[in-house]
Amino acid sequence: MLRRVLILLSIGFIILFINRNVTAEEALVSAAQEEWNPPSAGPITTWTAPLCGKGKFVIQPFIFYNRTRGSFNSDSHYNSLPEGKKKYQYQQQLFMQYGLTDRLEIDGQVIYQENYLKNADGKTRDSGFGDSYLFSRYCMFEEKDWVPDICGLVQLRIPTGKYQHLDPNKLGTDSMGAGSWDPGVGVIMTKKLKPFIFHADAIYSFPKRTKIDDVAIRYANYLNYDFGVEYFLPKGFNLLLEMNGFLQGDRKDGSERTPSSNVNYVTVAPGIGWSCDKIQILLAYQRVLIGTNTDANDSVVLTGVYSF
């Protein structure tokens, strides 16, 4: 026991000696690394842990062009769209942040979409608002040494999109939302390692029972998990690589579980951005790689950030 104490004391004195002999130049380099905080639009889907700051209001519009090339069935087998069939969507999202304090902010997101479908029976389209979101984020730990920025998240998905009494002639293009209230909780982490910034999050949601055309529906709980890395270049440019995942079990129609109704997918998104202190923009390409009971989409995404 005494030996261990002496060893620990010796290590402590060595560390203290090293720290006291750091040169002024090394100290300046270290301070510069700690203060390195380049602006960027951030990833597309992955959250970033740093908050906007007390009294600041930030708006970030997103424009998505989603084109469906096929679908993954209940066995995760890919099937391309039949010859002559086309399915695509334009989606506009508006994400807003407001800092109540330096450690607490409230956020919101609204979605408007236009759905298009063409097949042997002709063309159809519809447009409308999708489901909306409310968020609250709290900074639990600020980045220091090897500890990343960590914040907790509480969210609520609100069924503002049309989800029932659909027109059969619209072939599903008038479906805009899921129809359930979905509360959720999550954790977000961001770590700077110059010239990289790494982001990760995991959000678990538990939908409430709802009714769709008088049928009681209970969607299974689901998990979103996301990873993103930004690489910063000179003159305000940066490169992005992002991976997003979604996992959800079978739903219940009435009191019966519907077999093989689970949904999962994994997407990947490379992108390039440019930023200055006031404005940040990002152009990216997003692709669904694998999935179950989901469309296989290719998407072009444009987003920008403006702070007030």
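Under this note's numbering, the first residue of the sequence shown is numbered -9, with each subsequent residue one higher.
For glycine and all other residues, C-beta sits at the position ideal for the given N, C-alpha and C.
Predicted model, so just to flag it, every value in this text is computed and none were measured.
Asked	Found
My understanding is that Phe54 touches Asn283, with C-beta atoms under 8 angstroms, so please give their C-beta distance in whole angstroms.	Not a contact, Cβ separation roughly 21 angstroms.
Have a look at Leu156, Thr293, Ile96 and flag the residue whose alpha-carbon is nearest the alpha-carbon of Val144.	Ile96
Could you say if the stretch 131 to 142 and the stretch 155 to 164 meet the contact criterion of at least three C-beta pairs nearer than 8 angstroms?	no
Rounded to whole angstroms, what's the CA-CA distance from Pro40 to Met179? Just pull it up for me.	9 angstroms
Do you know how far the Cα of Arg147 is from the Cα of Gly169?	10 angstroms
Reducing DSSP to helix, strand and coil, say where Pro51 ends up.	strand
Buried or exposed: which applies to Leu90, given that a residue is buried once 16 or more other Cβ atoms fall within 10 Å of its Cβ?	exposed
Count the other CB atoms within 10 Å of the CB of Trp37; is the residue buried (16 or more) or exposed (fewer)?	buried
May I ask you to list the residues that DSSP assigns as paired with Leu232?	The identity of residue 232 in the sequence shown is Glu, whereas the question assumes Leu. Glu232 pairs with Gly218, Ala259.
I need the DSSP call for Thr200, collapsed to helix, strand or coil.	strand
Roughly how many angstroms separate the alpha carbons of Tyr78 and Ser245, rounded to a whole number?	34 angstroms
Taking 6 angstroms as the limit between beta carbons, can you name the residues of its chain near Thr200, skipping five residues before and five after?	Gly169, Ser170, Ile207
Please confirm whether Phe217 and Ala192 have their CB atoms less than 7 angstroms apart.	no
Unbroken beta strand (DSSP E) runs of length 3 or more, entirely within the stretch 89 to 169: which are they?	94 to 109, 112 to 119, 122 to 131, 139 to 148
Check for me: the beta strand (DSSP E) holding Ile280 runs from which residue to which?	269 to 282
Taking all protein chains shown into account, do 16 or more other C-beta atoms lie within 10 angstroms of the C-beta of Val12, making it buried, or fewer, making it exposed?	For Val12, the pLDDT reaches just 38, beneath the cut-off of 50, and the residue's location in the model is therefore unreliable, although a value from the coordinates is still provided. Looking at its Cβ environment, which holds fewer than 16 other Cβ atoms inside 10 Å, Val12 is exposed.
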